[in-house]
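Residue numbers (this note's numbering), protein chains in the order written: chain A, -11 to 321; chain B, 27 to 186. By construction, the Cβ of each residue, glycine as well, lies at the ideal position given by its N, Cα and C atoms. Bear in mind that the values here come from a model prediction, so they are computed numbers and not experimental data. Structure record follows, encoded as structure tokens.
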């Protein structure tokens, strides 16, 4: 009895916790894993997945034994390996701890009587055991512990999601200003009022700016125009300071409604002359280019001053081209 | 009492402007034939309605007619009727404009047709000469497109 205990102590001493990379021509025996608080079938599936991953990543041969024992210690595992000529034997457990699952796997070199490696990994849910099997096999192939592997030792749902991306500064932007029609577009009327509502997404140098707006005639006299742009703008910002100039361009839909004062003359020998307010509505394409200046760029609320050239190709009252300059001051919240 | 009512109605109708307003029949049966030859300048007021198409809406509504270009009109006896004279345009205003009309008694009727960029414009004028310097009446017409027009007109005649 005393001799047996001594022998076991010597063997235990020989099972030095050294971690060595698994070799391609190894023969593996992965024993059934013990479990507490985890569905047995799920644990069996995990063991199967682990065997597959070891075969794939370690290029190893997997052997099975009839009625395998779910070993709890290295000696038991070594004995199982000896019975099958498997030089590496994996044994371990999948246990529930609160809402987490803790996977533990120990690899015993049955020929050298050493522990070839110990892997431990924590997952949030049973579905993550598949990813855990890949990671454990990878760690075994690299010859390190799971914690030391390039990837983290804990698999969470967040971790499985795509990696985090950099976030831009974004917010609602409101602009007010003036529109100055050029040529004889916009009912051939004068300056008007501009109000834009948009969304501002700003990165280091680029700002995206979808918007919807309304521009209308400010003169209470005859004639009227109302323009509604719905477009998407891209801006390039120079500098990161509180005073940053920028340029931009955009394109999108333009809707124009106008009431154009006009003298309608029919005939030349015997002309019939009528003073009319010709009403018309049209939808078309529009584009714009702008230069501007951002103020307080480093603050949560920023101000924005811009001058913009707009051109709209909208057929209203037999005129297609409507050009304008706009000047606006905006705030980004 | 019955006679009193009849006499009252008779006086009322006899004094009413409507009754006194000359009709085509009355102007046509006038004993003297009006002489309206000369340079005509047509003016008037009217309105266009029933402009059905969307691109014709700009023509609908009230309008001022003229003043027209001077129309040099000659008056000739009709070959078929001695009591009717025909009216014709002596100066050419281009192939896009045509004129023809007639005078019977003091009644003056004529039609014009003009091809414009907006479409064909036709007017029919029915008026009464007041001496040889003025014609007043009503007009109706068609065009551009489906539009219908009507109104009042005055023609000032400058004798040649």
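(request) Return the CA-CA distance between residue 177 of chain B and residue 178 of chain A, expressed in angstroms with no decimal places. (result) 36 Å
(request) For residue 1 of chain A, count neighbouring C-beta atoms within 10 Å of its own C-beta (all shown protein chains included) and say buried if the count is 16 or more, exposed if not. (result) For residue 1 of chain A, the predicted structure reports a pLDDT of 43, less than 50, and the residue's modelled location is therefore unreliable. A value from the coordinates is still provided. With fewer than 16 other Cβ atoms within 10 Å, it is exposed.
(request) Using a Cβ-Cβ cut-off of 7 Å, state whether residue 64 of chain B counts as contacting chain A. (result) no
(message) Between which residues of its own chain and residue 41 of chain B is the CB-CB distance below 8 Å, once the five residues before and five after are set aside?
(response) In this predicted model, residue 41 of chain B has a pLDDT of only 45, less than 50, meaning its place in the structure is not dependable enough to derive any value.
(message) Considering only the alpha carbon of each residue, which of B/175, B/157, B/174 and B/167 lies closest to residue 61 of chain B?
(response) B/157
(request) Could you check how far apart the C-beta atoms of residue 91 of chain B and residue 71 of chain B are, in whole angstroms? I think they sit under 8 Å. (result) 7 Å
(request) Could you name the residues of the same chain whose beta carbon sits closer than 6 Å to that of residue 237 of chain A, not counting the 5 residues immediately before and after it, in chain order? (result) 277
(request) Could you list which residues in chain B have their beta carbon closer than 9 Å to that of residue 261 of chain A, in chain order? (result) 89, 90, 91 and 92
(request) Identify whether residue 123 of chain A lies in helix, strand or coil by the three-state DSSP scheme. (result) helix
(request) Identify which residue in B/125, B/99, B/95 and B/131 has its Cα closest to the Cα of residue 108 of chain B. (result) B/131
(request) Evaluate contact between the region 63 to 80 of chain B and the region 164 to 175 of chain B, counting only Cβ atoms and requiring at least three cross-stretch pairs below 8 Å. (result) yes
(request) Please name the residues in the region 184 to 201 of chain A whose beta-carbon is closer than 9 Å to at least one beta-carbon of chain B, in chain order. (result) none
(request) Rounded to whole angstroms, what's the CA-CA distance from residue 147 of chain B to residue 169 of chain B? Just pull it up for me. (result) 5 Å
(request) Within the same chain, show all residues whose beta-carbon is closer than 8 Å to that of residue 51 of chain A, passing over the 5 residues directly before and after it, in chain order. (result) 15, 16, 17, 72, 73 and 74
(request) Below 6 Å CB to CB, which residues in the same chain sit around residue 320 of chain A once its five sequence neighbours on both sides are set aside? (result) 159, 161, 188 and 290
(request) Taking a Cβ distance cut-off of 7 Å, strictly less, list which residues of the region 114 to 146 of chain B are near chain A, in chain order. (result) 119, 123, 138, 140, 142 and 144
(message) Please return the same chain residues whose Cβ sits closer than 6 Å to the Cβ of residue 259 of chain A, not counting the five positions on each side in sequence.
(response) Beyond the five residues adjoining it in sequence on each side, residue 259 of chain A comes within less than 6 Å, by CB distance, of 253 in the same chain, given in chain order.
(request) For residue 94 of chain A, count neighbouring C-beta atoms within 10 Å of its own C-beta (all shown protein chains included) and say buried if the count is 16 or more, exposed if not. (result) buried
(message) Whole angstroms are fine: how far does the CA of residue 218 of chain A sit from the CA of residue 67 of chain B?
(response) When rounded, the distance between both Cα atoms is 54 Å.
(message) Tell me the rounded alpha-carbon separation between residue 180 of chain B and residue 199 of chain A.
(response) Spanning the alpha carbons of residue 180 of chain B and residue 199 of chain A requires a straight line of approximately 58 Å.
(request) Would you mind reading off the limits of the alpha helix (DSSP H) that contains residue 64 of chain A? (result) 62 to 72
(request) For my contact list, residue 244 of chain A and residue 301 of chain A are in at a C-beta cut-off of 8 Å; report their separation, rounded to the angstrom. (result) With 8 Å as the limit, residue 244 of chain A and residue 301 of chain A do not qualify as a contact, their Cβ atoms being about 10 Å apart.
(request) With 7 Å as the threshold, decide whether the Cβ of residue 78 of chain B is near any Cβ in chain A. (result) no
(request) To the nearest angstrom, report how far apart residue 119 of chain A and residue 108 of chain A are at their CA atoms. (result) 13 Å
(message) Does chain B have any CB closer than 7 Å to the CB of residue 176 of chain A?
(response) no
(request) Report the residue ranges of all beta strand (DSSP E) runs contained in full by the region 19 to 66 of chain A; include only those spanning at least 3 residues, in chain order. (result) 22 to 24
(message) Need the endpoints of the beta strand (DSSP E) that residue 296 of chain A sits in, please.
(response) Start and end: 290 to 304.
(request) Alpha carbon to alpha carbon, how far is residue 156 of chain A from residue 100 of chain A? Give it in angstroms, no decimals. (result) Each residue's CA atom was taken as its position, placing residue 100 of chain A and residue 156 of chain A some 57 Å apart.
(request) Measuring only between beta-carbons, confirm whether residue 186 of chain B sits less than 7 Å from chain A. (result) At a cut-off of 7 Å between C-beta atoms, residue 186 of chain B does not count as an interface residue with respect to chain A.
(message) Tell me the DSSP secondary structure of residue 116 of chain A in three-state form.
(response) helix
(request) Report the residues of the region 268 to 289 of chain A with a CB closer than 7 Å to any CB of chain B, ordered along the chain. (result) none
(request) Quick one: give me the first and last residue of the beta strand (DSSP E) that residue 84 of chain B is part of. (result) Going by DSSP, residue 84 of chain B is part of no beta strand (DSSP E) at all; its letter is neither H nor E.
(request) Could you name the residues that DSSP lists as bridge partners for residue 322 of chain A? (result) No information on residue 322 of chain A is available, as it lies outside the stretch -11 to 321 that chain A covers here.
(message) Does any residue of chain C have a CB that is nearer than 7 Å to the CB of residue 216 of chain A?
(response) In the structure shown, chain C does not exist; the protein chains are A and B.
(message) Does the CB of residue 254 of chain A have a neighbour CB from chain B at under 7 Å?
(response) yes
(request) Give the secondary structure of residue 316 of chain A by DSSP, where H, G and I count as helix, E and B as strand, and everything else as coil. (result) strand
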